[in-house]
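Shown next, in structure tokens, is the structure this report addresses.
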Ligand SMILES: [Zn+2]
């Protein structure tokens, strides 16, 4: 293991290819039911990938998916993975406001817990659309609905107070632990080291060395990807701008082998295990190392 003794957190955002925010305005929400549903087969491939690498991960899953694929939810839990919430309808927290956010969270939690038979306490906002400055009301609602942590902030994407925090912390005096997505601070820029599109667009050796750097600083990485990212043959819908096509489709064919290499190059575990010490101590916000 090249990452030393540090365990990093592996996560999957379980949603179908047409639910990605990139398609907002191109694929209307009421067309979702008519589209080729591919999430169950692709997530099964993800489960195989993890099983062959001996990795257990956190699956931030849409309630929408749990409602239609409860057997998949049971297989995720049976694999020893952590079942967590990605909300219900993949709506942006910043757009729906407090009341709809609460309803969306509760609906997802009920569907996931009913299907999985386990408590769901982790949450990731769709498209990292939650932030201490843009949606300060979101943390109390997460706490009130039974969530203990959120992994919803991508430092550097928003400019407000607290949005740039890169270590685990409890925003706004909330009991909810925020686990920001991994970035490296370089002179003049913030480099994402967390997966998704930038992982597919970055040469693999460069990404691996950036994550090694994060670990060398004493920090645990949080990586994420989507089942549709290992699906190069997914439908292509006309109407996406060139930039959005690039973002969605670049590197899909190399994604599975790259993931496999990544899984073997570092130590990985579920979010709730990697951050167990902070989760167990409600007063803690433990920086592991200064940067
Ligand atoms: Zn998502």
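In the numbering used here, the protein residues as written are 12 to 302. All C-beta atoms, glycine included, are put in the ideal place defined by N, C-alpha and C.
- The alpha helix (DSSP H) runs of length 4 or more contained entirely in the region 216–271 are, from start to end of the chain, 253–260.
- Here residue 189 is bridged, per DSSP, to 161 and 180.
- Straight-line measurement puts the Cα of residue 100 at about 13 Å from the Cα of residue 121.
- Put simply, the residues with a CB less than 5 Å from any heavy atom of ligand 1 are 24, 26 and 137, in chain order.
- By the beta-carbon neighbour count (other beta carbons within 10 angstroms, threshold 16), residue 210 is buried.
- The beta carbon of residue 135 is closer than 6 Å to those of 71, 97, 162 and 163 in its chain, skipping five residues each way along the sequence.
- Short of 7 Å from the beta carbon of residue 182, and not among the five residues preceding or following it, lie these beta carbons of its own chain, in chain order: 143, 150, 173 and 189.
- Cβ contact annotation for residue 131 (same chain, cutoff 7 Å, sequence separation greater than five): 94, 95, 96, 120, 123 and 124, in chain order.
- Residue pairing of residue 19 in beta bridges, as defined by DSSP: 279.
- Cβ-Cβ distances below 7 Å link residue 24 to 71, 97, 135, 235 and 237 in the same chain, with the five nearest sequence neighbours on each side left out; the list follows chain order.
- Spanning the alpha carbons of residue 152 and residue 109 requires a straight line of approximately 8 Å.
- Counting only runs that start and end inside the region 76–121, the beta strand (DSSP E) elements of at least 3 residues fall at 93–96.
- In the DSSP assignment, no residue is bridged to residue 286.
- Here DSSP, grouped into helix, strand and coil, assigns residue 50 to helix.
- Residue 210: member of the alpha helix (DSSP H) spanning 207–212, first to last residue.
- The Cβ atoms of residue 32 and residue 156 lie no closer than 7 Å to each other.
- Straight-line spacing of the CA atoms in residue 293 and residue 176 works out to 18 Å.
- Listed in chain order, the non-local C-beta contacts of residue 154 below 8 Å within the same chain comprise 185, 186 and 187, local neighbours out to five positions each way being set aside.
- Counting only the Cα atoms, residue 140 lies some 29 Å from residue 82.
- The DSSP-derived three-state label of residue 200 is strand.
- Of all alpha-carbon atoms in 286, 74, 111 and 276, the one lying nearest the alpha-carbon of residue 222 is that of 276.
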